[in-house]
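Visitor: This is the structure, below, for whatever I ask next.
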Amino acid sequence: MKRRDFLKGCMICGAASSLGISKKAWGSGSFEGYPEGMGVLVDLTRCIGCRSCEAACNKEQQLPEPKVPFDDQSVFEEKRRPTEAAYTVVNRYEQSGGPVYRKVQCNHCNEPACLTSCFVNAYTKTKEGAVVYNSKVCVGCRNCMIACPFNVPGYSYSSATNPVIKKCIFCYDTRLKYGKPPACVEICPQEVLTFGHRNDLIKIGHERIRETPDKYVDHIYGEKEVGGTGWLYLSSVPFDKVGFDNTLGNEPIISNVKEFLGTVPMVLSIWPALFTGFHLLSTRQKGHGDDHGHDAHSKSEQEGAKK
Amino acid sequence: MKTFKAKGVEIVDSLYKDNGKKKWNLMEKLLLGLTPQQYIAQALRNPFNWLLAVIFAIGIPIILGRFIFGLGWVTHSSCDYPWGMFLGFGLFAMVPLSSSGFQLGTTCEVFGRHDFEPIERLGLLNGLLGYLFAVIYLLVDLGQPWRLPYPMVVSFGPAAVLFLVAWHVATYLSVQVAEVSVAFFEWIGFPMGKRGVRKITLGLTVAGIILSTLHQGALGALFTYAPGKVHPLWYSASFQWLHFFVSSLPGGLCMVIAVSTIARKTMAWRCGEEFKDNLDKLTIALAKGASMGLATYLTIKLIAMAHDNKWEYLATGWGQWYMFEIFFGVILPLGLFAYAIRNEKVGIIRFSAFLTVFGVVLNRVNTAMITFNWKLAEREIPHWREAVISVTIFAIYIVVYRFILYRLPILYLWKTADETVEATEGARVPKKAILEEEPVPVGTYRTREERIIPAASFSSLEKN
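Chains as they are written, first to last, in this note's numbering: chain A, 1 to 307; chain B, 1001 to 1464.
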């Protein structure tokens, strides 16, 4: 905790003191999501690992048939991640109080790293809260996969002619747009997943923690992490025990990049003046154009030859 | 080539052969003035060409296969390691080694240090080819390379660092083409073009500095998108772009030393007297520049470490690997440079330059691949086809590099360049004057009459 505070302090001091320009850029870094943005509260204490959410997602998004059927529990033997063939996966973590299951999918960040890293603007954060992706403009640089702090986007490497990013889109096209919950939420038999406005979900989450403080860790994962995420998690065991990264900090990923982006206008405006100035200072009186080596040298060579 | 030169075969080094009597035609220029039989004979005699042939025989089909069967066929199609050798080595390592273009351009054109000119063109060419092949590596890696112009014309993501990289690399490539085109215009015999480019040299050079500063840095800034994935020893939010930019400075200079060493050894016949006579002196001068860069780099590496208080990581296995990189890539060459510059030991400087190049490449590969995702249990070893493609593209890079060095006046001076320039001027000025119906000074006509023969030769040149 101490280290993180120190880092944060350094970052803020650095940004404030280094450049006037970066201050301006900093101002836009506090977007907290659309007020009407939807989200899902995931209560890990209720999940039994039935994998019906995986099956529902597969059907809704018309993904390929999996190698291992959805009722096969053997997949829990290894930790999986979302791929082009599965937008959501459930992993099992053996804990002292029995297994804890964790569902993984896109967390639909308020300020998505994928969106800010994309140089063709393929990603959109919709006002409903979904992070969707336009495959028509994707060049395939896969920078979003590098940037995503949750390792969510998958890529259809198998396609030679039209490989694209594949990730959970909150069932935006078929459901969210019409105010309906995503397929995984609808099918969940244990009410692990609660769909609602993000702001309300945070209240519900804190309420549950307050009512049964012994049952939960006093933290909603995603409330503040990397600027806040649309999907929020409650857990009975420390989050880093069940595959969450506790070291991400609360700043959106783009804040890291702003220090560099802030220097761009500076370089663009100062360098030309500085270096043309150097040129004038270091080359006295000599007209330029006729003192260039390959000309000058060959000239003198010719003169030498004439002599 | 040495044998041919010893036998008295004339090698193309000017527009005219037989002491200015006849012009070389394009085919003769391409064959360096040899007959086709001689050319093939010298190519077959070189064992390096046989090695290249083997690499191409295996590599080219695999490159084609990548476009037929997709990336999944040549890589491990990993979602955790989306960037493999093509970017980790090809893009991130080739670009810093190409910073020589803007550095030597600046030295000669901005600061007026014309004593660096014998090696300036090599620096520019090294820059151009490095960037070009970085882009070629990128084209192989992109999922849909035919969409590469999209960030320029179809859809803009101006907040992204990669957007800046794309624009700057594209602009800088054209700037470098213009800078190197001077040599091409001399070779092809188009003095107008040469003079045109000369007029905007200062502008091009300053543009080169701006674009280089920003995108060398931007490549580093790309990793600030992944603060949790790059190992803390290779990551620093505030210094990442400075680390990349500053290390590119010695990287580029040492690459020029390395290339000039190889060129001096393997193509001595093509090196002009100027280049040969000045090379040792210039190598020492470049090494001085590189030491400054290395010293700065080492300092900011340490400052960044102190700034984020990351000393504890040095005690881990990653820390040892980090110290290996810093010691062999920075501290050792720095020490060797200091000793060798003082005692004018050019051989040690050359060795040390290779070491620095290795250090810069290792740093980029470490950041992008080896220490990337250090928290994940599984490390990815690139697919063998990925390695083969990387080697093949590098071989193509060497072939193109050699092709240009053999022909264009990079390492030697183009002999009669000025004669042709004057001839054009003599012919063009009166023509223009007549067109504009202005009173023409008599002197101009006289000049034209005097130079009637070169003017005629110029018109035959246009046909060419």
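Each residue gets a CB set at the ideal place from its N, CA and C atoms; glycine is no exception.
Since this is a predicted model, take the numbers as computed values, not measurements.
Identify, in the order they occur along the chain, each residue of the same chain with its Cβ nearer than 6 Å to the Cβ of B/Trp-1024, setting aside the five sequence neighbours on each side.
Guide: Taking the first residue of the second sequence as 1, we reach residue 1024 of chain B at position 24. Excluding residues within five positions, the ones whose Cβ falls inside 6 Å are Val-1012 and Lys-1017.
Visitor: Under 8 Å between beta-carbons, which chain A residues line up against B/Ala-1159? List them in chain order, please.
Guide: As a working mapping, residue 1159 of chain B is identified with position 159 in the second sequence. Residues of chain A passing the Cβ test: Thr-116, Ile-254 and Leu-261.
Visitor: Could you spell out the range, first to last residue, of the alpha helix (DSSP H) harbouring A/Leu-232?
Guide: Locating residue 232 of chain A in the first sequence gives position 232, counting from the first residue. Where A/Leu-232 is concerned, there is no enclosing alpha helix (DSSP H), although the beta strand (DSSP E) it sits in stretches over 231-234.
Visitor: Just to check my reading of the structure: B/Thr-1261 and B/Arg-1350 have Cβ atoms closer than 8 Å, yes? What is that Cβ distance to the nearest angstrom?
Guide: Counted from its first residue, the second sequence places residue 1261 of chain B at position 261. Counted from its first residue, the second sequence places residue 1350 of chain B at position 350. That pair is a contact at about 5 Å.
Visitor: Output needed for B/Asn-1049: all residues of its chain with C-beta closer than 8 Å, excluding positions within five of it in sequence on either side, in chain order.
Guide: If you number the second sequence from 1, residue 1049 of chain B lands on position 49. Closer than 8 Å at Cβ, skipping near neighbours: Ala-1043.
Visitor: Do B/Pro-1333 and B/Tyr-1297 come within 8 Å of each other at the CB atom, strictly closer than that value?
Guide: Looking up residue 1297 of chain B in the second sequence gives position 297. Looking up residue 1333 of chain B in the second sequence gives position 333. Result no, Cβ atoms of B/Tyr-1297 and B/Pro-1333 do not sit closer than 8 Å.
Visitor: Leaving aside the five residues before and after A/Glu-60 along the sequence, list all residues of the same chain whose C-beta is less than 7 Å from its C-beta, in chain order.
Guide: Counted from its first residue, the first sequence places residue 60 of chain A at position 60. Contacts found: Cys-171, Thr-174 and Ala-183.
Visitor: So, at 6 Å on beta carbons, what are the nonlocal neighbours of A/Phe-70 in its own chain, with the 5 sequence-adjacent residues on each side left out?
Guide: Working through the first sequence from its first residue, we reach residue 70 of chain A at position 70. Once the five neighbours on either side are set aside, the close Cβ partners of A/Phe-70 are Arg-51, Glu-54 and Ala-55.
Visitor: Using the C-alpha atoms, what's the distance from B/Ser-1014 back to B/Glu-1419?
Guide: Indexing the second sequence from 1 puts residue 1419 of chain B at position 419. Indexing the second sequence from 1 puts residue 1014 of chain B at position 14. Residue confidence is low: B/Glu-1419 scores 49 on pLDDT, short of 50, so the model does not pin down where it sits. No coordinate-derived value is stated.
Visitor: In three-state DSSP terms, what is A/Asp-214?
Guide: Translated into the one-based positions of the first sequence, residue 214 of chain A becomes position 214. Looking at A/Asp-214 - three-state DSSP - the assignment turns out to be coil, as it is neither helix nor strand.
Visitor: Please list, in chain order, the residues of the segment 1128-1150 of chain B that have any C-beta partner in chain A closer than 7 Å.
Guide: Flagged, chain order: Leu-1142, Gly-1143, Gln-1144, Arg-1147, Leu-1148 and Tyr-1150.
Visitor: For A/Tyr-93, tell me which candidate among A/Phe-76, A/Arg-198, A/Asp-200 and A/Cys-106 has the shortest Cα-Cα distance.
Guide: On the first sequence, position 93 is the one that residue 93 of chain A refers to. Here the closest residue by C-alpha is A/Phe-76.
Visitor: For A/Ser-95, tell me which candidate among A/Thr-126, A/Thr-45, A/Ala-113 and A/Gln-62 has the shortest Cα-Cα distance.
Guide: Locating residue 95 of chain A in the first sequence gives position 95, counting from the first residue. In the sequence under discussion, the amino acid at residue 95 of chain A is Gln, which differs from the Ser named in the question. The residue with the shortest Cα to Cα distance from A/Gln-95 is A/Thr-45.
Visitor: Tell whether a beta-carbon distance below 8 Å holds between A/Tyr-216 and A/Gly-129.
Guide: The sequence position of residue 216 of chain A within the first sequence is 216, counting from 1. The sequence position of residue 129 of chain A within the first sequence is 129, counting from 1. Contact: no.
Visitor: What span of residues does the alpha helix (DSSP H) with B/Val-1074 cover, start to end?
Guide: Position 74 of the second sequence, counted from the first residue, corresponds to residue 1074 of chain B. 1071-1074 is the extent of the alpha helix (DSSP H) around B/Val-1074.
Visitor: How would you write the range of the alpha helix (DSSP H) that A/Leu-280 sits in, first residue to last?
Guide: Translated into the one-based positions of the first sequence, residue 280 of chain A becomes position 280. Unbroken alpha helix (DSSP H) run through A/Leu-280: 254-282.
Visitor: Quick one: residues in its chain with C-beta nearer than 7 Å to the C-beta of B/Ile-1209, no 5 flanking neighbours on either side, listed in chain order?
Guide: Translated into positions along the second sequence, residue 1209 of chain B becomes position 209. Cβ neighbours of B/Ile-1209 beyond the five flanking positions: Phe-1102 and Thr-1106.
Visitor: Could you check which residue in B/Trp-1269, B/Val-1165 and B/Thr-1205 has the C-alpha nearest to that of B/Val-1009?
Guide: In the second sequence, the residue the question calls residue 1009 of chain B occupies position 9. Closest option to B/Val-1009, Cα to Cα, is B/Trp-1269.
Visitor: For the ligand NAP, any of its heavy atoms closer than 7 Å to the Cβ of B/Val-1206?
Guide: With respect to small molecules bound, the structure shown includes none, and the ligand NAP cannot be examined in it.
Visitor: Buried or exposed for A/Val-43, going by 16 or more other Cβ atoms inside 10 Å?
Guide: Along the first sequence, one-based indexing puts residue 43 of chain A at 43. Note that residue 43 of chain A is Asp in the sequence shown, not Val. Buried, by the Cβ-count rule.
Visitor: With a cut-off of 8 Å, does the C-beta of B/Trp-1024 fall near any C-beta of chain A?
Guide: Within the second sequence, residue 1024 of chain B is the residue found at index 24, counting from 1. Not one chain A Cβ lies under 8 Å of B/Trp-1024.
Visitor: Classify B/Arg-1342 as buried or exposed, calling it buried when 16 or more other Cβ atoms lie within 10 Å of its own Cβ.
Guide: To locate residue 1342 of chain B, count along the second sequence from 1; it is residue 342. Per the 10 Å Cβ criterion, exposed.
Visitor: Can you tell me the Cα-Cα spacing of A/Thr-124 and A/Cys-168, whole angstroms?
Guide: Residue 124 of chain A sits at position 124 when you count from the first residue of the first sequence. Residue 168 of chain A sits at position 168 when you count from the first residue of the first sequence. Using only the alpha carbons, I get a separation of about 13 Å.
Visitor: Would DSSP call A/Pro-112 helix, strand or coil?
Guide: As a working note, residue 112 of chain A is residue 112 in the first sequence. Reduced to three states, the DSSP call for A/Pro-112 is coil.
Visitor: Can the beta-carbon of B/Gly-1329 be found closer than 8 Å to that of B/Asn-1363?
Guide: Along the second sequence, one-based indexing puts residue 1329 of chain B at 329. Along the second sequence, one-based indexing puts residue 1363 of chain B at 363. Yes, the pair counts as a contact, with Cβ atoms nearer than the cut-off.
Visitor: I need the straight-line Cα distance from A/Ile-165 to B/Leu-1286, nearest angstrom please.
Guide: The residue given as residue 165 of chain A occupies position 165 in the first sequence. The residue given as residue 1286 of chain B occupies position 286 in the second sequence. When rounded, the distance between both Cα atoms is 45 Å.
Visitor: Run down chain A in chain order and give the residues with a C-beta less than 8 Å from the C-beta of B/Ser-1077.
Guide: Here residue 1077 of chain B refers to the residue found at position 77 of the second sequence. Chain A residues near B/Ser-1077: Tyr-155, Tyr-157 and Ser-158.
Visitor: If you draw a straight line from the C-alpha of B/Asn-1126 to the C-alpha of B/Ser-1098, how long is it?
Guide: By 1-based counting over the second sequence, the position of residue 1126 of chain B is 126. By 1-based counting over the second sequence, the position of residue 1098 of chain B is 98. Cα to Cα, B/Asn-1126 sits roughly 6 Å from B/Ser-1098.
Visitor: Go through its chain and collect everything with a Cβ distance to B/Glu-1438's Cβ below 7 Å, but skip five positions before and after it.
Guide: Counting from one through the second sequence, the residue named residue 1438 of chain B turns up at place 438. Only weak support is given to the placement of B/Glu-1438: the predicted model assigns it a pLDDT of 42, under 50, and the value that follows is read from those uncertain coordinates. Result list for B/Glu-1438: empty, nothing under 7 Å.
Visitor: Decide yes or no for the touch test of the segment 1077-1094 of chain B against the segment 138-146 of chain A: beta carbon pairs closer than 8 Å, at least 3 of them.
Guide: Contact holds: three or more Cβ-Cβ distances are below 8 Å.
Visitor: Within 10 Å of its beta-carbon, does B/Arg-1066 have 16 or more other beta-carbons around it, so buried, or fewer, so exposed?
Guide: Locating residue 1066 of chain B in the second sequence gives position 66, where the first residue counts as 1. It is buried - the Cβ of B/Arg-1066 has at least 16 other Cβ atoms within 10 Å.
Visitor: So, for B/Lys-1310: in the same chain, excluding its five sequence neighbours on each side, which residues have a beta-carbon less than 7 Å away from its beta-carbon?
Guide: Reading the second sequence from its first residue, position 310 is the one you call residue 1310 of chain B. So the qualifying residues of the chain are Pro-1232 and Leu-1233.
Visitor: Just list the residues that DSSP pairs A/Ala-86 with in beta bridges.
Guide: For the purposes of this step, residue 86 of chain A is taken as the residue at position 86 of the first sequence. For A/Ala-86, which the question treats as bridged, DSSP gives the partners A/Thr-83.
Visitor: By Cβ distance, which residues of its chain are closer than 6 Å to A/Ile-202, with the 5 residues on each side in sequence left out?
Guide: As a working mapping, residue 202 of chain A is identified with position 202 in the first sequence. Glu-223.
Visitor: With DSSP as the reference, label B/Lys-1029 as helix, strand or coil.
Guide: By 1-based counting over the second sequence, the position of residue 1029 of chain B is 29. Helix at B/Lys-1029.
Visitor: Between the segment 1190-1201 of chain B and the segment 1131-1146 of chain B, are three or more C-beta pairs nearer than 8 Å?
Guide: As far as the Cβ criterion goes, the segment 1190-1201 of chain B does not touch the segment 1131-1146 of chain B, which means the pair count is below three.
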